[in-house]
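Remarks on the structure that follows.
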Amino acid sequence: MSIETRIPAGADLRAEIDRLRKDRNAVILAHYYQKPEIQDLADFVGDSLELSRKAAATDADVIAFCGVKFMADTAKILSPEKIVVLPDMNAGCSLEDACPPEKFKAFREAHPDHIALTYINCSTEVKALSDVIVTSSSAETILAKIPPEQKIIFGPDRHLGGWLNRKFGRDMLLWPGVCIVHEAFSETELMKLMAQHPGAPVAAHPECPPHIIDHADYVGSTSGILNYAKAMDGDTLIVATEPHIIHQMEKALPNKTFIGAPGADGNCNCNICPYMALNTMEKLYVALRDLQPRIEIEEGLRLRAKKSLDAMLEMASGTVGKGDLGAKVTGD
Ligand code: 13P
Ligand code: SF4
Numbered sequence: 001m002s003i004e005t006r007i008p009a010g011a012d013l014r015a016e017i018d019r020l021r022k023d024r025n026a027v028i029l030a031h032y033y034q035k036p037e038i039q040d041l042a043d044f045v046g047d048s049l050e051l052s053r054k055a056a057a058t059d060a061d062v063i064a065f066c067g068v069k070f071m072a073d074t075a076k077i078l079s080p081e082k083i084v085v086l087p088d089m090n091a092g093c094s095l096e097d098a099c100p101p102e103k104f105k106a107f108r109e110a111h112p113d114h115i116a117l118t119y120i121n122c123s124t125e126v127k128a129l130s131d132v133i134v135t136s137s138s139a140e141t142i143l144a145k146i147p148p149e150q151k152i153i154f155g156p157d158r159h160l161g162g163w164l165n166r167k168f169g170r171d172m173l174l175w176p177g178v179c180i181v182h183e184a185f186s187e188t189e190l191m192k193l194m195a196q197h198p199g200a201p202v203a204a205h206p207e208c209p210p211h212i213i214d215h216a217d218y219v220g221s222t223s224g225i226l227n228y229a230k231a232m233d234g235d236t237l238i239v240a241t242e243p244h245i246i247h248q249m250e251k252a253l254p255n256k257t258f259i260g261a262p263g264a265d266g267n268c269n270c271n272i273c274p275y276m277a278l279n280t281m282e283k284l285y286v287a288l289r290d291l292q293p294r295i296e297i298e299e300g301l302r303l304r305a306k307k308s309l310d311a312m313l314e315m316a317s318g319t320v321g322k323g324d325l326g327a328k329v330t331g332d
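The opening residue of the sequence shown carries number 1 in the working numbering; numbering runs sequentially from there.
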């Protein structure tokens, strides 16, 4: 029986989710790439750094995490006493898949004089093998605190790592993972769009490949892109990241126009994250009702992974999720 068939016919899902949220003393955290209806009912919508901080600080008994599994795992690592549910346990991430822990361990062992600076988009096991975790909001702040002579392994996103190397003159060894969503943007189609909207700036997430980044006026995290949209002078922005973030832009800035950068055929849905899209209102309702599917992490592993996340939270203090990478304007 599929999850949806266990929902009472005619149920007002929004009202039921609100009732369960209260009954369970639950907080609903959502990433910017979630469907608009989920963003709209969440207690908090944010980027990976902001969501980690919220998960660590909440006094709720239950965290319903509307995002992908590595994000819900992070919430459980930071708040082990809480019940953490993820509406769909199959909501993974291509970057996590690209970095199997045993291969990462072997890579580390082959480079004993390097520290591992690791993107948060990875498994709990890979976090446990890492020294410091970064998000796209906090990477620049954290990298600036690591002496230039220190050798670094950066994984699993080679585009974020390559961007950091180019921007800050570093020589980090890169793990060869990519985000399938950001990889799908087409430079040819982007250039056509830029020609149709002369003067409109391009904002890109650092998970994009260099041929997209090279056209960007601004490069930063999801919250950084949102803040850029608020601060920019013009009225049209081309957005090279997962298009569900445009929902927040349109809510905050109804008089501005936001255009999602295209994929290869100019008009595909290939830039919608298929993992994020697995979460639905129905599955969120069932997760709150049944407190399943639940994140469970073995305690020894959790404590090892927590070290690298704690290092991030400490080293990123002062970073406010503005996407410090390459900012050309200051957000609010
Ligand atoms: P942010 O931390 O910028 O929200 O990025 C998360 C992510 O998975 C982007 O693909
Ligand atoms: Fe992973 Fe890419 Fe989806 Fe982000 S957009 S969760 S990096 S697959």
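We put the CB at the ideal spot given by N, CA and C, even for glycine.
Own chain partners of residue i with C-beta closer than 7 Å, once the 5 adjacent residues on each side are dropped
i: Ala91; result: Val68, Lys69, Tyr275, Met276, Leu278 and Asn279
i: Asp171; result: Asn165
i: Thr257; result: Asp235 and Thr236
i: Arg108; result: Ala116, Leu129 and Ile153
Residue i and residue j closer than 9 Å at C-beta
i: Asn267; j: Asp235; result: no
i: His215; j: Ile153; result: no
i: Trp175; j: Ala55; result: no
i: Glu187; j: Ile212; result: yes
i: Leu95; j: Val178; result: yes
i: Ile77; j: Leu284; result: no
i: His111; j: Leu193; result: no
i: Pro335; j: Cys66; result: Because the chain spans 1 through 332 in this model, residue 335 falls outside it and cannot be assessed.
i: Gln34; j: His205; result: no
i: Ala26; j: Ala60; result: yes
i: Met71; j: Ile120; result: yes
i: Ala264; j: Cys270; result: yes
i: Met403; j: Ser52; result: Outside the modelled stretch of the chain, which goes from 1 to 332, sits residue 403, for which no answer is possible.
i: Pro210; j: Gly161; result: no
i: Glu207; j: Lys167; result: no
i: Ile295; j: Ala9; result: no
i: Ser308; j: Asp131; result: yes
Spatially closest choice to residue i from the options, by CA coordinates
i: Ile28; options: Val85, Asp12 and Ala11; result: Val85
i: Ile344; options: Cys208, Ala42, Asp73 and Leu20; result: Coverage of the chain is limited to positions 1 through 332, which leaves residue 344 absent and any answer about it impossible.
i: His159; options: Gly260, Ser317, Val181 and Leu190; result: Val181
i: Asp217; options: Val239, Ile146, Phe185 and Gln196; result: Val239
i: Ala184; options: Ile245, Ala144, Phe65 and Ala261; result: Ala261
i: Thr58; options: Met71, Ser79, Pro36 and Asn227; result: Ser79
i: Ala200; options: Glu250, Met232 and Lys22; result: Met232
i: Pro148; options: Val132, Pro209, Gly169 and Asp43; result: Gly169
i: Ala203; options: Val219, Arg53 and Ala311; result: Val219
i: His247; options: Thr135, Ala11 and Tyr32; result: Tyr32
i: Pro293; options: Asp43, Met89, Ala15 and Phe44; result: Met89
Own chain, CB closer than 8 Å to residue i, minus 5 neighbours either side, in chain order
i: Gly321; result: Unreliable positioning characterises Gly321 in this predicted model, as indicated by a pLDDT of 46, which lies under 50. The coordinate reading is nonetheless provided below. Gly46, Asp47, Leu49, Glu50, Ser137, Ser221, Ser223 and Gly224, listed in sequence order.
i: Leu301; result: Thr124, Glu125 and Ala128
i: Lys105; result: Leu129
i: Ala252; result: Leu226, Ala229 and Lys230
i: Leu303; result: none
i: Glu299; result: Pro80
Beta strand (DSSP E) segment containing residue i, residue limits
i: Tyr119; result: His114 to Tyr119
i: Gly46; result: Phe44 to Gly46
i: Val239; result: Thr236 to Ala240
i: Lys151; result: Lys151 to Gly155
N- and C-terminal bounds of the alpha helix (DSSP H) containing residue i
i: Ile142; result: Ala139 to Ala144
i: Val85; result: No alpha helix (DSSP H) holds Val85; the beta strand (DSSP E) holding it covers Ile83 to Val85.
i: Val416; result: Residue numbering for the chain in the displayed model covers 1 to 332; residue 416 lies beyond these limits and cannot be assessed.
i: Phe107; result: Pro101 to Ala110
i: Phe70; result: Lys69 to Leu78
i: Phe258; result: Premise fails: Phe258 lies in the beta strand (DSSP E), Thr257 to Gly260, not in any alpha helix (DSSP H).
i: Ala287; result: Met281 to Asp290
i: His31; result: His31 -> not in any alpha helix (DSSP H); beta strand (DSSP E) instead, spanning Ala26 to His31.
i: Phe168; result: Arg158 to Phe168
i: Ile212; result: Pro210 to Ile213
i: Ala229; result: Thr222 to Ala231
Nearest-angstrom beta carbon gap, residue j and residue i [assumed within contact, 8 Å]
i: Leu288; j: Leu20; result: 4 Å
i: Leu291; j: Ile17; result: At roughly 14 Å, the Cβ-Cβ gap does not stay under 8 Å, so Leu291 and Ile17 are not in contact.
i: Leu41; j: Glu282; result: Not really, about 13 Å apart at Cβ, beyond 8 Å.
i: Pro100; j: Cys122; result: At roughly 10 Å, the Cβ-Cβ gap does not stay under 8 Å, so Pro100 and Cys122 are not in contact.
i: Val286; j: Ile7; result: 7 Å
Contact set for residue i: own chain, Cβ-Cβ below 6 Å, skip 5 residues either direction
i: Ser317; result: none
i: Lys151; result: Asp113 and His114
i: Met249; result: Ala229 and Phe258
i: Pro198; result: none
i: Asp43; result: Val27 and Ile28
i: Lys145; result: Met315
i: Lys306; result: Ile77
i: Ala15; result: none
Proximity test, Cβ basis, 9 Å: residue i and chain C
i: Asn90; result: Absent from the structure is chain C; it holds one protein chain and no more.
Any non-hydrogen atom of the ligand GTP within 8 Å of residue i CB
i: His182; result: As for the ligand GTP, it is missing from this structure, which binds only the ligand 13P and the ligand SF4.
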